Amino acid sequence: MATEEASSGLVFHPMDQFIVKPLFGEGPIHWYTPTNATLWMALTVLAIVALLVWGTRGRAVVPTRTQSVAELAYGFVHKMVVDVTGKDGLKYFPYIFTLFLFIVFANFLGLLPKSFSTTSHVAVTAVLALLVFCTVTAIGFIKHGAHFLELFWVSSAPLGLRPVLAVIEVISYFVRPLSHSIRLVGNVMAGHAVIKVFAAFAAVAVISPLSIVAISAMYGLEVLVSFIQAYVFTILTCVYLRDALHPHH
Amino acid sequence: MEGDIVQMGAYIGAGLACMGMGGAAIGVGNVAGNFLSGALRNPSAAPGQTAMLFIGIAFAEAFGIFSFLVALLLMFAV
Amino acid sequence: MANETHDAANGAAQGAAHAAESAGMPQLDFSTFPNQIFWLLVTLGAIWWILTRIALPRISGVLADRQGAISGDLIAAEEFKLKAKEAEAAYDKALADARSEAQKIVAQARAEIQKELDAATAEADAQIEARAALSAKRIGEIRAGALEAVDAVAREAAADIVAALGGKADAGSVAAAVSARLKG
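Take a look at the structure:
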């Protein structure tokens with residue numbers, strides 16, 4: 003990168019937006035240091051409070067605009083949980099709703115100019131995915147004991163194929179948290195990095211209009227992707243939870 | 418000199434890794450196109466299957482993201 | 084937590100880490116991982132707490148209230164419908180009652196009038212009867228009177244006629260002859 007900067011007028015810093023910095027002054031980042039990640043996570047919490055607590059303060063039977071948005075989000079995730087995991091998955095609805103709200107608000111707040119998108123960090127999404135993975139595995143073993151392992155033993159397949167399938171199933175089971183977290187982080191990071199790259203091209207006067215059009219188009223795509231990735235993360239959580247609740251397929 | 422060659426190899430590798438994203442694009446297009454053709458044949462069943470559409474797209478896309486990640490790692494981390 | 088060692092290493096190699104940050108991917112800067120994970124867990128805990136304590140009970144309460152209000156309104160509407168039907172039946176019944184009452188009254192009145200009429204007719208008949216009887220009696224008297232008068236006139240006239248013809252007749256024979264003639 004350094005050589006490029008020196009040789010051409012274009013300055014590419016697509017990754018600089020993801021740097022975690024301490025909020026106050028310089029210094030080493032301890033585990034408790036308030037950083038820009040902390041700030042944007044706190045803003046996420048504030049946004050959720052604004053929508054779900056402040057928005058519903060009237061408890062109106064005929065809802066106001068914000069209240070109906072909050073109810074829409076509630077109904078959306080509620081329906082998703084019921085459709086995918088069935089009625090017995092509703093016990094875990096607050097957990098799934100927490101994940102959905104955090105991801106969707108972090109994604110949307112990350113789209114603000116000058117902001118920091120917390121979901122573009124592997125550390126964050128890996129923790130989210132591992133939380134899901136550990137909870138789902140724990141639920142599976144608590145609910146079904148050793149019978150949970152039947153998830154990997156495809157009883158509908160021919161007997162000769164079953165060991166092979168079992169190996170594949172086990173591998174795919176343990177790859178789940180990886181793909182679950184990398185999908186989210188990759189989508190968010192890729193979109194932001196591409197926008198930054200187009201922004202760097204805007205420095206050249208000839209192609210700057212094109213670059214601005216491209217940034218706008220990418221931004222629109224990113225708005226869509228932000229929501230879809232939150233949706234996908236949530237629905238995959240529901241799918242994994244269904245596997246844990248009903249391992250016999 | 419040796420470092421330059423390593424860097425060159427890394428950049429070339431990053432470019433090659435980006436080809437994987439084309440595969441993901443084909444996969445996503447396949448999923449969406451098949452969903453659309455199925456939905457046009459049986460429009461009444463389509464709304465119930467949109468969740469499956471998004472799950473399929475997410476799985477297809479994940480591998481493109483993986484190749485993108487490999488490219489990024491080659492660009493910045495190696 | 085295992086951050087002490089990490090922090091020490093981080094503090095020592097801070098300049099190097101900073102250089103690595105600007106060159107490599109910030110996502111792979113492991114020195115920021117404990118920080119991000121800690122704050123992420125705090126954030127998730129906060130969201131979870133807010134949701135389970137405040138937001139979810141409130142929203143589900145509102146949704147249940149709305150459901151209750153809707154079904155309550157439907158039940159109330161059903162009740163009102165039933166009431167309306169009852170009222171209609173009662174109205175019909177009252178109408179029929181009133182009609183039959185009216186018919187009864189009419190029949191009663193008619194019967195009374197008939198009775199009065201009958202009584203009046205009977206009285207009038209009786210009066211007419213009495214008067215007719217009286218008249219018949221008087222006619223009879225008058226007739227009897229008239230017959231007697233005719234008798235007397237005939238006898239006088241016969242006696243006068245006999246006297247005018249020059250005969251001599253006693254009153255007894257004339258009367259016998261006249262009454263014989265009148266009878267014949």
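Heads up: the protein sequence lines correspond to chains A, B and C, in order. Whatever position you read off the first sequence (first residue = 1), add 2 for my numbering. Whatever position you read off the second sequence (first residue = 1), add 417 for my numbering. Whatever position you read off the third sequence (first residue = 1), add 83 for my numbering. Glycine residues also receive a C-beta, built at the ideal position from the N, C-alpha and C atoms. In this text the structure is predicted, and so the values were computed from the model without any measurement.
Closest residue to residue i among the options (Cα-Cα distance)
i	options	result
F99 (chain A)	C:E161, C:I130 and C:R193	C:I130
L101 (chain A)	C:W132, C:R214, C:S114 and C:Y174	C:W132
A441 (chain B)	B:G481, B:L491, B:N451 and B:L490	B:G481
H194 (chain A)	A:V166, A:S228, A:I170 and A:V177	A:S228
M446 (chain B)	B:A463, B:L491, B:F471 and B:S484	Residue 446 (chain B) is actually Gly in this sequence, not Met. Answer by Cα proximity: B:F471.
F248 (chain A)	A:A49, A:E152, A:V234 and A:F203	Looking at the sequence itself, residue 248 (chain A) is His, so the reference to Phe does not match. Ranking the options by Cα distance to H248 (chain A), first place goes to A:E152.
S181 (chain A)	A:Y242, A:A148 and A:T35	A:Y242
V47 (chain A)	A:I105, A:K81 and A:I197	A:I105
V233 (chain C)	C:A202, C:I211 and C:S262	C:S262
Between the CA atoms of residue j and residue i - distance to the nearest angstrom
i	j	result
G249 (chain C)	A227 (chain C)	33 Å
D18 (chain A)	M108 (chain C)	8 Å
F143 (chain A)	C136 (chain A)	11 Å
S105 (chain C)	K23 (chain A)	At S105 (chain C), the pLDDT of 46 sits below 50, so the modelled position is not reliable; the number obtained from the coordinates is stated separately. Approximately 12 Å, taken between the alpha carbons.
A181 (chain C)	Q191 (chain C)	15 Å
D85 (chain A)	N118 (chain C)	37 Å
I230 (chain A)	L127 (chain C)	20 Å
Q69 (chain A)	L146 (chain C)	11 Å
D112 (chain C)	V124 (chain A)	10 Å
F20 (chain A)	T139 (chain A)	32 Å
H89 (chain C)	S114 (chain C)	Any reading at H89 (chain C) needs caution, since the residue's pLDDT is 44, under 50, leaving its predicted position unreliable; the model's value is listed next. Approximately 7 Å, taken between the alpha carbons.
I120 (chain C)	V129 (chain A)	7 Å
L489 (chain B)	C435 (chain B)	9 Å
R185 (chain A)	F483 (chain B)	8 Å
A72 (chain A)	S183 (chain A)	26 Å
A205 (chain A)	L212 (chain A)	11 Å
G444 (chain B)	L45 (chain A)	36 Å
A431 (chain B)	N109 (chain A)	26 Å
T5 (chain A)	I50 (chain A)	Residue placement at T5 (chain A) cannot be trusted, given a pLDDT of 40 that sits under 50; what the coordinates show is reported in the next sentence. Approximately 44 Å between the Cα atoms of the pair.
K145 (chain A)	K93 (chain A)	13 Å
E478 (chain B)	F163 (chain C)	58 Å
L111 (chain A)	A192 (chain A)	16 Å
I211 (chain C)	D201 (chain C)	15 Å
A246 (chain A)	Y175 (chain A)	11 Å
L74 (chain A)	D175 (chain C)	50 Å
I197 (chain A)	R59 (chain A)	38 Å
G420 (chain B)	G426 (chain B)	10 Å
Rounded distance between the beta-carbons of residue j and residue i, thought under 8 Å
i	j	result
V199 (chain A)	F14 (chain A)	6 Å
T127 (chain A)	V187 (chain A)	5 Å
L114 (chain A)	P179 (chain A)	So it is not a contact: roughly 29 Å between Cβ atoms.
T239 (chain A)	V134 (chain A)	5 Å
F150 (chain A)	E171 (chain A)	Contact flag wrong, Cβ pair sits at about 12 Å.
P36 (chain A)	F26 (chain A)	7 Å
V63 (chain A)	R149 (chain C)	5 Å
A242 (chain C)	A252 (chain C)	7 Å
Problem set entry | the segment 146-174 of chain C: positions lying closer than 7 Å to chain A by Cβ | L146, D148, R149 and A152
For this session: Give the residues from the segment 32-49 of chain A that approach chain C closer than 9 Å (Cβ to any Cβ), ordered along the chain.
Result: H32, W33, Y34, T35, P36, T37, A39, T40, M43, A44, T46 and V47
Problem set entry | Chain-ordered residues of the segment 112-125 of chain C with a beta carbon less than 8 Å from chain B | none
For this session: Name, going along the chain, the residues of the segment 51-83 of chain A whose beta-carbon falls closer than 7 Å to a beta-carbon of chain C.
Result: V51, L54, V55, T58, R61, V63, A72, E73 and Y76
Problem set entry | Residues of the segment 444-469 of chain B whose Cβ lies closer than 7 Å to any Cβ of chain A, in chain order | A468
Problem set entry | Contact residues within the segment 218-239 of chain A, judged by C-beta distance below 9 Å to chain B | I230, Q231, Y233, V234, F235, I237 and L238
For this session: Could I get the ranges of all uninterrupted beta strand (DSSP E) runs contained in the segment 135-177 of chain A, with 3 residues as the minimum, in chain order?
Result: none
Exercise. Which residues, in chain order, does the segment 480-492 of chain B contribute to contact with chain A at a C-beta distance below 9 Å?
Worked result: F480, G481, I482, F483, F485, L486, L489 and M492
For this session: Kindly provide the ranges of any beta strand (DSSP E) runs that are 3 or more residues long and lie completely inside the segment 9-49 of chain A, ordered along the chain.
Result: none
Problem set entry | Members of the segment 183-204 of chain A near chain B, C-beta cut-off 7 Å | I184, R185, G188, N189 and A192
Exercise. Whole alpha helix (DSSP H) runs in the segment 85-130 of chain A with 4 or more residues, listed along the chain?
Worked result: 95-112
For this session: Anything in the segment 119-134 of chain A with a Cβ closer than 8 Å to a Cβ of chain B? List those residues in chain order, please.
Result: none
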